[in-house]
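S.K.: Take a look at this one; I'll ask things after.
2 protein chains.
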Amino acid sequence: MQREIVLVEGAGFCFGVKRAIDIAFDVAKIHKKGVFTLGPIIHNPQVVEKLQELGVKPIEDISEQNDIKTLIIRAHGISKKRLDELKSLGYEIIDATCPFVKKAQSIAEKLDSEGYQVLIIGDKEHPEVKGIFSYAGQKAVVVSNCNEIPILNKKLGIIQQTTQPLSKVKEILNAIINSLSEFEEIRIFNTLCNFTAKRLESTGKVAKDVDIMIVIGGKNSANTTQLANLCKKMGVKTYHVENTQEIDKNWFKDVKKIGITAGASTPQWIIDEIIDKIKCL
Amino acid sequence: MQREIVLVEGAGFCFGVKRAIDIAFDVAKIHKKGVFTLGPIIHNPQVVEKLQELGVKPIEDISEQNDIKTLIIRAHGISKKRLDELKSLGYEIIDATCPFVKKAQSIAEKLDSEGYQVLIIGDKEHPEVKGIFSYAGQKAVVVSNCNEIPILNKKLGIIQQTTQPLSKVKEILNAIINSLSEFEEIRIFNTLCNFTAKRLESTGKVAKDVDIMIVIGGKNSANTTQLANLCKKMGVKTYHVENTQEIDKNWFKDVKKIGITAGASTPQWIIDEIIDKIKCL
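Here the protein sequences come in this chain order: A and B. In terms of our numbering, the first sequence opens at residue -14 and continues consecutively. In terms of our numbering, the second sequence opens at residue -14 and continues consecutively.
In C-alpha cells form, the structure reads like this:
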C-alpha cells in the first residue's frame, strides 16, 4: 500500500542548535586533536557520542585538560568574563553562540551602557540567561514570574531569554506596564526566537490533514511533549517515540497519510531513520 | 463659632496652566500694546477678561490683526510648522507651552529622528496632541482607544497626551504588548502629568477628615465633577460651586471642619474669594 509521509516544516533542531552542531562537525574535520566543547554541545547523547568519535570532547572545567587547543562555545553562549578568560589563555575560540542569543547579549550591553536598568525575562539558572546577564551590567535583574518583580529603576530596558513562552512574557510585561507611573521610560526589545511557536503552528496544520502523527523526541522533553499533546487534542492518533525501535508496524494498518514532527533536541538523522523505517514497513 | 478650613494641596490650576497665565500677566506688565495670546490662554472667561483689561487679547487667526508685536503661545503648545511661520513673520514669540508638553514634543521628534514610528495615546482633536503630532514625523499615529490601533511598524515609540487617564493608557499599552511578536522594539516614554491624579488623591485624604467639602469649578468641567463625585462617594456632604454667589450659609450650621478643593480650570482668586466668604459667615 502506498503511503504519503508529510514532514512538518521546522521539525527537529532549531536554527541555533543546528548551526552550533554543524560548526562542531566542521571543526572536527579540520583539527584532529585538542578540540573541546564547553559543556555538551546539546543535551542529546547520540550527537555528543558522534562528535566524540570524531575527537570533539565535552568538558565542564578547562583545568581538567591540558591538551586544549580549540574550544567551541555552544549555542547558549557563556558569560563575558569567562569568554575573556578563555581568550586570555590563548586557546582558539570557536564561538557557536546562537545569533539570537548573541543579539540579546549585545542589546543587554547597549542598554546598560545607555543607563538603563536591564530586566531579563527568563530562568536565572539557565546557561543562556547567565551569559546574557553578564553583559547586562551591575543593576540587571532576572524575572521569571509576576510575583518576583523587584523595585525597578525609572529607566528600564527589557529583554527576554530567547526561548521563553510568549504568554509568560506578556504577563510580566503587563504587570510592569501597570506601574507605568513609576517609570520615565520602559524600553522593550523582542529577543524571543519564535521558532518553537512556529513549529507548534506548523505541526497543528499537518495534524489536521493526516491519519496519524509520529512525534519524535525525548519523552522528558517539554517542547516535544507539547507537540504530542497538541496533536492528541486535535483528535488525530498520535505516537510519541524516541527512536526507530519503538515504531510498531501495526500502527500503520489502513493508514494513508502520516504526519511527522520532532522536538528541538531531535537530530535530523533520527528523523530520517524513522521515515526510512516507515517507508519499508 | 470657630471653623477650620482645609484647602487641598494642588487644588486649582495645574502647574502648566498657572505658569502660562503668570507669563501672560508678566508680559502684560512690560508691553502695553500689541500683545496677543494664540487662542484663549485658558478656557476660563474671567481670566481671559482680566488679561484683556491689561491689554492682552486672545486671537485665533493672526490675519485678523495687523498690530501684533508679541504673541504668547498657550500651555497646550502649537504645531512646529505654525511656530516656524510665526517666527518667520518677525513677531516676538513668548512660548508658554507647558514644560511637560514641550518634553512630549521633543521626545516625539527624537523618536522620529531615530527611526521609530511614533504612537501618541490621546485625543487627536486636542490642541496639545495636534502640536505633539507635528513633531512626530510622517509615520506618526494617534490612538484614543484599543479598538483603533492600526497596523504598526516593527520599531515603535509610544508617548501620551499629558492629561490622559492612566487607566486608559495602560489598557492601550497592554493591547499593544499583546502583539509583541510583531515588534522588534517597543519604547514607551511616560509623558503623563500626574497632577490630576495627585489632586484627586489629596482631595480624598481631606474629604475623609472634614464635615463638608466645597468643590469649586465649572459644572461642566470633567475633572471638577470627578472631584465632587469622589467626595460624595466617601460619604461627606459635598457642594459643587462655581463662584461665591452660590455659597449658602445654611450649609455651615454646626460644621466645624470644611474641606476645599478645585478643578484645574479654577483660578486661585476664586478659591480665595470663597474662603474669605466662608470665614465671614
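C-beta atoms are modelled at their ideal positions from N, C-alpha and C, and glycine is treated no differently. Computed from a prediction, not measured in an experiment: that's the story for all the values here.
(1) Just verifying my parser: in three-state terms, what is the DSSP assignment at A:Pro112?
(2) Only counting the same chain, and skipping five residues up and downstream in sequence, which positions put a Cβ closer than 8 Å to that of B:Gly(-5)?
(3) Whose C-alpha, out of B:Ser152, B:Val154, B:Ile161, B:Lys153, is nearest the C-alpha of A:Glu156?
(4) Taking the CB atoms as reference points, tell me whether B:Ala125 and B:Val103 lie closer together than 7 Å.
(5) Check whether the Cβ atoms of B:Ile144 and B:Ile105 lie closer than 7 Å to each other.
(6) Just checking: is the beta-carbon of B:Ser315 within a distance shorter than 7 Å of some beta-carbon in chain A?
(7) Just how far apart, CA to CA, sit B:Leu266 and B:Ile47?
(8) If contact means a Cβ-Cβ distance below 7 Å, which residues of the stretch 152 to 170 of chain B contact chain A?
(9) Can you find a CB in chain B that lies within less than 7 Å of the CB of A:Phe174?
(10) I'd like to know if the stretch 203 to 213 of chain A and the stretch 235 to 254 of chain A are in contact, where contact means that at least 3 CB-CB pairs between them fall below 8 Å.
(11) In terms of residues, what are the limits of the beta strand (DSSP E) holding A:Ile106?
(12) Using the beta-carbon count (16 or more within 10 Å), is A:Gly119 buried or exposed?
(13) Looking at B:Ala5 and B:Arg67, is the spacing between their C-beta atoms short of 7 Å?
(14) Label B:Gly75 either buried or exposed according to how many other C-beta atoms from any shown protein chain fall within 10 Å of its C-beta, with 16 as the threshold for buried.
(15) What in chain B is Cβ-close to A:Leu177, meaning under 9 Å?
(16) Whole angstroms are fine: how far does the CA of A:Val33 sit from the CA of A:Gly202?
(17) For A:Asn235, which of A:Ile263, A:Gly220, A:His111 has the nearest alpha-carbon?
(18) Alpha carbon to alpha carbon, what distance is there between B:Val226 and B:Asp233?
(19) So, using beta-carbon positions, are A:Leu141 and A:Phe174 closer together than 7 Å?
(20) Go to A:Val12, then tell me how far its alpha helix (DSSP H) extends in each direction, as first and last residue.
(21) Ends of the beta strand (DSSP E) at B:Arg172?
(22) Just the Cα atoms here: how many angstroms apart are A:Val221 and A:Ile(-10)?
(23) Can you say whether A:Gly100 is buried or exposed, counting buried as having 16 or more other CB atoms within 10 angstroms of its CB?
(24) Could you have a look at A:Ala160 and say whether DSSP puts it in helix, strand or coil?
(25) Suppose you measure from the CA of A:Ile171 to the CA of B:Asp261; what does that come to, to the nearest Å?
(26) Between B:Tyr224, B:Phe0, B:Thr22, which lies nearest to B:Ile79 when the distance is taken from Cα to Cα?
(27) Quick check on DSSP: helix, strand or coil for A:Gln149?
(28) Quick one: grab the DSSP three-state call for B:Gly189.
(29) Helix, strand or coil for B:Ala249 per DSSP?
(30) Can you tell me where the beta strand (DSSP E) with A:Leu(-8) in it begins and where it stops?
(31) Name the two residues that bound the continuous alpha helix (DSSP H) containing B:Lys285.
(32) According to DSSP, is B:Thr229 helix, strand or coil?
(33) What is the DSSP secondary structure of A:Ile134, counted as helix, strand or coil?
(34) Roughly how many angstroms separate the alpha carbons of A:Ala218 and B:Lys204, rounded to a whole number?
(35) Might you give, ordered along the chain, the residues of its own chain that have their beta carbon closer than 8 Å to the beta carbon of A:Lys18, omitting 5 neighbours on each side?
(36) Cα-Cα, which of B:Phe85, B:Leu56, B:Val86, B:Gly24 is closest to B:Ser73?
M.R.: Quick answer:
(1) helix
(2) Phe180, Lys183, Arg184, Ser187
(3) B:Ile161
(4) yes
(5) yes
(6) Here chain B comprises residues numbered -14 to 266, so residue 315 of chain B is not present and cannot be evaluated.
(7) 48 Å
(8) Val154, Lys155, Leu158, Asn159, Ile162, Asn163, Leu165, Ser166, Phe168, Glu169, Glu170
(9) yes
(10) yes
(11) 102 to 106
(12) The residue asked about is misnamed: residue 119 of chain A is Ser in this sequence, not Gly. The residue is buried, with at least 16 neighbouring Cβ atoms inside 10 Å.
(13) no
(14) exposed
(15) Leu165, Ser166
(16) 16 Å
(17) A:Ile263
(18) 10 Å
(19) no
(20) 0 to 15
(21) 170 to 174
(22) 15 Å
(23) exposed
(24) helix
(25) 47 Å
(26) B:Thr22
(27) coil
(28) helix
(29) coil
(30) -11 to -8
(31) Only positions -14 to 266 of chain B appear in this structure, which leaves residue 285 of chain B out of reach.
(32) helix
(33) coil
(34) In the sequence as presented, Ala is not what sits at residue 218 of chain A; that position holds Lys. For A:Lys218 and B:Lys204, the distance between alpha carbons rounds to 59 Å.
(35) Gly40, Asp52, Lys54
(36) B:Leu56
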